[in-house]
Amino acid sequence: KYRLKNSIQDENIYTCIIPTTKMLISRKKEIALNRLRVDLFLNAHFFAHNFNSVLSPACSCRNKIEDSKHFLLNCTLYNPQRNKLFAELAKFNVFDYFKQMNMTNKVKLLLFGDSNKMNFKTNESLAHAISDFIESSNRG
Numbered sequence: 001k002y003r004l005k006n007s008i009q010d011e012n013i014y015t016c017i018i019p020t021t022k023m024l025i026s027r028k029k030e031i032a033l034n035r036l037r038v039d040l041f042l043n044a045h046f047f048a049h050n051f052n053s054v055l056s057p058a059c060s061c062r063n064k065i066e067d068s069k070h071f072l073l074n075c076t077l078y079n080p081q082r083n084k085l086f087a088e089l090a091k092f093n094v095f096d097y098f099k100q101m102n103m104t105n106k107v108k109l110l111l112f113g114d115s116n117k118m119n120f121k122t123n124e125s126l127a128h129a130i131s132d133f134i135e136s137s138n139r140g
């Protein structure tokens, strides 16, 4: 919680995260999104917290550590789902803004939205799109 708050303040962006409870996302999708937001969703997250059920932080694609950046932006196992996600971003005119960001800010935008640059409806659409991505990955 402290790390998340400070990382958001350090970037001087995302000062007002819109709660998922206001976005009409199903409870299952909301839980998966929030677990990803707080680093309790992927192998690297569980491994960092010493969960006994996870023996390695590696992704099943065998290419990288399975952290949020890898899962959302790079893992080849989820390319079809990611292509659909990026098509959704283009529909609500966020993709050009997204493309100009560095990797860290891309992850932050996908997970938290940006109430400074996007209106509530766009943030809600983004939350639905990322929730659909998570669900279609069969991880949540």
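Residue numbers (the working numbering): 1 to 140. Just so you know, even glycine gets a beta-carbon here, dropped at the ideal spot from N, CA and C. Given the structure is predicted, the values throughout are model-derived calculations rather than measurements.
For residue i, the residue or residues it bridges with in DSSP
i	result
Ala58	Ile65
Expected contact under 8 Å - CB spacing of residue i and residue j to nearest Å
i	j	result
Ile107	Leu55	A quick correction: the sequence has Val, not Ile, at residue 107. Going by Cβ atoms, the distance from Val107 to Leu55 rounds to 25 Å, so no, they are not a contact pair.
Leu42	Glu66	5 Å
Leu109	Phe98	6 Å
Tyr78	Ser137	5 Å
Whether residue i touches residue j by CB criterion (9 Å)
i	j	result
His70	Ala32	no
Phe112	Arg62	no
Lys28	Asp132	no
Glu124	Leu24	yes
Leu40	Phe46	yes
Thr76	Val94	no
Thr20	Ala127	yes
Any chain D beta carbon closer than 9 Å to residue i
i	result
Met23	The chain labelled as chain D is not found in the depicted structure, where only one protein chain is given.
- Item | Segments of 3+ residues assigned as beta strand (DSSP E) that fall wholly inside the region 69-119 | None, since the region 69-119 contains no complete beta strand (DSSP E) of that length.
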